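Colleague: The structure under discussion is supplied below as structure tokens; questions concerning it will follow.
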Amino acid sequence: MKQKIGFIGMGIMGQPMSRNILKAGYDVMVYNRTVEKTHPLKEAGAAVASTPKEIADWADVMILMLTGPEAIDAVLNGETGVLAGKASGKVLINMSTVSPAYSRAMDRILKAESVVFIDAPVSGSKKPAEEGTLIILASGPEEKVTELEPLLLCMGKKVVYCGEAGKGSAMKMMVNLLLGIMMEGLCEAINFGQKCGLTVDSMLDVILSGPLSCGLYNLKTEMMKQDEFPPQFPLKHMLKDIRFVLQTADENGAATPAGHTIFQLYRQAQGHGLSDMDFAAVKKVLKSMSDEEG
Ligand code: NAP
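Here the sequence shown is numbered in this note's numbering, starting from 247 and rising by one per residue.
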């Protein structure tokens, strides 16, 4: 019999991920702080819990897809939290992006409660979440990750085993450092070209026709052309993640000069009120810096 899956967090990512689990035939119960966001899953056939505790009481496997540490602490603790329910002996998979240090702390806390913890953030954004083509960066007990692969593969096209709990989050930090730098690079180059009188269409044509073409840049083409940045990966999450990257780099003695630069740029973007836009909106900061200089 398939496990009962409790999914906490119905944001941009959690909604399509839980929908794909439901589509694969699992019994699913969902919880979200803002109850309205559970309605689409309820219509699709999922049960809705009124507290995280109810999820822990009912599910065999719990999945969290939340903003970050503060949200995770909020759903785990307290009278109606996961740990107040029948979580002991069950599995909890955190797929939210957090730092490796936070993941290791979660592992210690959950072990003490006899909960098996899997640290499994994802690479990929809204569209791969909808298509079930995320890359899942799983860490924790290897035999449990292997056992859970059929469930994880409802949400992703590949599971990469990264090692003990914390290593999945370290892999995710590596990915988002590269992602943040690549996006800043594209925006800086396009802004440079615009200042030189080149059109965005012609620059994208050149970039995407040659060796610089990649999935990320293809995904952001329309945003660059329209100069509009509806959120796929909100800028506030990129800023959160680069903060974790810098902390982790410091703890491990890794040099991250470009990481420090992009942190300042994404922080300026937040100051410009761009937090809820896609992280590609960092282009607006480069434009306003150029306008100030010019
Ligand atoms: P999102 O749309 O902002 O959703 C955040 C979720 O966290 C919502 O369900 C929200 O509930 C919940 N939440 C926030 N604070 C809470 C609190 N204090 N107590 C309880 N619940 C709380 O975020 P998302 O884009 O789905 O991202 C989720 C995670 O995946 C993040 O860690 C992000 O970094 C990571 N990620 C995102 C992407 C992407 O492209 N979007 C890609 C890879 C990884 P409410 O609805 O009540 O606010």
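For glycine and all other residues, C-beta sits at the position ideal for the given N, C-alpha and C.
Computed from a predicted model, the values in this text were never measured in an experiment.
Mind checking who residue 337 pairs with in its DSSP beta bridge?
Modeller: According to DSSP, residue 337 bridges with 307 and 362.
Colleague: Taking Cβ to Cβ, would you say residue 429 is nearer than 8 Å to residue 490?
Modeller: No, these two residues do not count as a Cβ contact at 8 Å.
Colleague: At what residues does the alpha helix (DSSP H) containing residue 373 begin and finish?
Modeller: Residues 372-377.
Colleague: Out of 292, 285 and 276, which one is the CA nearest neighbour of residue 207?
Modeller: Past the boundaries of the shown model lies residue 207; the chain is included only from 247 to 540, so the question cannot be answered.
Colleague: Based on DSSP bridge pairs, tell me the residues matched to residue 380.
Modeller: Looking at the DSSP assignment, residue 380 forms a beta bridge with 402.
Colleague: On a Cα-Cα basis, can you pick out the residue from 367, 467 and 250 that is closest to residue 345?
Modeller: When only C-alpha atoms are compared, the closest one is 367.
Colleague: Check residue 442 in the structure and name its three-state DSSP category.
Modeller: Correct three-state label for residue 442: coil.
Colleague: What residues are listed by DSSP as bridge partners for residue 277?
Modeller: The partner list for residue 277 (beta bridge, DSSP) reads 254.
Colleague: If you follow the alpha helix (DSSP H) that residue 533 is part of, which residue opens it and which one closes it?
Modeller: 528-539 is the span of the alpha helix (DSSP H), which, as asked, contains residue 533.
Colleague: Rounded to the nearest angstrom, what separates residue 293 and residue 378 at their Cα positions?
Modeller: Taking the straight line joining both Cα atoms gives about 21 Å.
Colleague: For residue 353 and residue 417, what's the separation of their Cα atoms in angstroms?
Modeller: Straight-line Cα distance between these residues: approximately 17 Å.
Colleague: Roughly how many angstroms separate the alpha carbons of residue 372 and residue 536, rounded to a whole number?
Modeller: Each residue's alpha carbon lies about 31 Å from the other.
Colleague: Let me know the secondary structure DSSP gives residue 407 once reduced to three states.
Modeller: Three-state result, residue 407: strand.
Colleague: Please determine whether the Cβ atom of residue 479 lies at a distance below 7 Å from any heavy atom of ligand 1.
Modeller: Because some heavy atom of ligand 1 lies under 7 Å away, the Cβ of residue 479 counts as near it: yes.
Colleague: At the 8 Å Cβ level, is residue 515 part of the contact set with chain C, yes or no?
Modeller: Absent from the structure is chain C; it holds one protein chain and no more.
Colleague: Take the Cβ of residue 445 as the centre, count every other Cβ of all protein chains shown within 10 Å, and call the residue buried at 16 or more, exposed below.
Modeller: Exposed.
Colleague: Just list the alpha helix (DSSP H) runs in the stretch 484-528, keeping only unbroken ones of 4 residues or longer that don't cross its boundaries, in chain order.
Modeller: Segments of the alpha helix (DSSP H) lying fully in the stretch 484-528: 503-517.
Colleague: In angstroms with no decimal places, state the Cα-to-Cα distance between residue 453 and residue 474.
Modeller: Approximately 20 Å, taken between the alpha carbons.
Colleague: Ignore the nearest five residues each way along the sequence and tell me which others in residue 421's own chain have a CB closer than 7 Å to its CB.
Modeller: Result list for residue 421: 369, in chain order.
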